[in-house]
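In my numbering, the protein residues as written are 3 to 218. All C-beta atoms, glycine included, are put in the ideal place defined by N, C-alpha and C. Since the structure is predicted, the reported quantities are computational estimates derived from the model, not experimental observations. Working notes, beginning with the structure itself.
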């Protein structure tokens, strides 16, 4: 059934408004600090500054795990901590397969947002705003959450839009690996999937990335 033109226009305006608001909100969200050492769009070589992340390990498929991990960590930053303090959201939410031993020293009862997978287990992480330190971050109420300091790292990246389905992530990971090899870099660890936008963002406006730590 065809909707009246006025209703269809109103629906489009509402969709545009919601999308604009979502993009505006994400534009104000803090991202990890890095410097670009090499740029060949859509690829970049970045040196990331040290950061603190909040992380939680969950089971399930990649998509199930990132959704479950996001909810657990979101509860922490929105008041699920000892002083019931709100912590500002940052971007991106990241996800990757875990190495045999997670990088960084785990601090009990703290966390950022990232996701890694090891034998059906995934680590999901949020990056903590730069104003916080391990000493000042509030203690999570959920004992599954850990705060982890991450040292300076050199990461290769590839950026793309659209819905980050499994085939798309695999395709971009392969492209990034080829670029890393051509650049004479040595990959370290597993690919990291980074998602910068809320789920209601139109696919062509989404910013997704695959990141991988490298060494010269």
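For the set 182, 196 and 174, the Cα lying nearest the Cα of residue 34 is the one of 196. It is roughly 12 Å from the alpha-carbon of residue 54 to the alpha-carbon of residue 138. Straight across, the Cα-Cα distance linking residue 67 with residue 57 is about 12 Å. According to DSSP, residue pairing for residue 88 in a beta bridge involves 80. Ranked by Cα distance from residue 124, the first of 59, 206 and 185 is 59. Non-local beta-carbon contacts of residue 126 in its own chain, meaning distances under 7 Å to residues more than five positions away in sequence, involve 57, 58, 60, 67, 68, 71, 72, 75, 97, 115, 116 and 117 in chain order. Residue 175 and residue 50 have their C-alpha atoms some 19 Å from each other.
Burial is judged here by how many other beta carbons sit within 10 angstroms of a residue's own beta carbon; residue 48 has at least 16 and is buried. Comparing alpha carbon positions, the residue from 199, 182, 200 and 186 closest to residue 214 is 182. Looking from the CA of residue 163, the closest CA among 170, 208 and 37 belongs to 208.
Under the DSSP assignment, residue 96 falls in the beta strand (DSSP E) whose first and last residues are 95-98. Listed in chain order, the non-local C-beta contacts of residue 37 below 6 Å within the same chain comprise 49, local neighbours out to five positions each way being set aside. Remark: C-beta atoms of residue 178 and residue 216 do not approach each other more closely than 7 Å.
Separation of the CB atoms of residue 159 and residue 32 is rounded to 18 Å, and the pair is thereby denied contact status at 8 Å. Bounds of any beta strand (DSSP E) do not take in residue 170; it lies within the alpha helix (DSSP H) bounded by 168-184. In the displayed model, residue 213 falls within a strand according to three-state DSSP. The alpha-carbon of residue 185 is positioned some 11 Å away from that of residue 46. Residue 196 has 96 and 211 as its beta-bridge partners, per DSSP.
Between residue 151 and residue 78, the gap from beta carbon to beta carbon reaches 7 Å or more.
With a 10 Å radius around the Cβ and a threshold of 16 neighbouring Cβ atoms, residue 135 comes out exposed. In the three-state reduction of the DSSP assignment, residue 139 falls in the coil class, being assigned neither a helical nor a strand state. Among the bridge pairs identified by DSSP, residue 189 is matched with 216.
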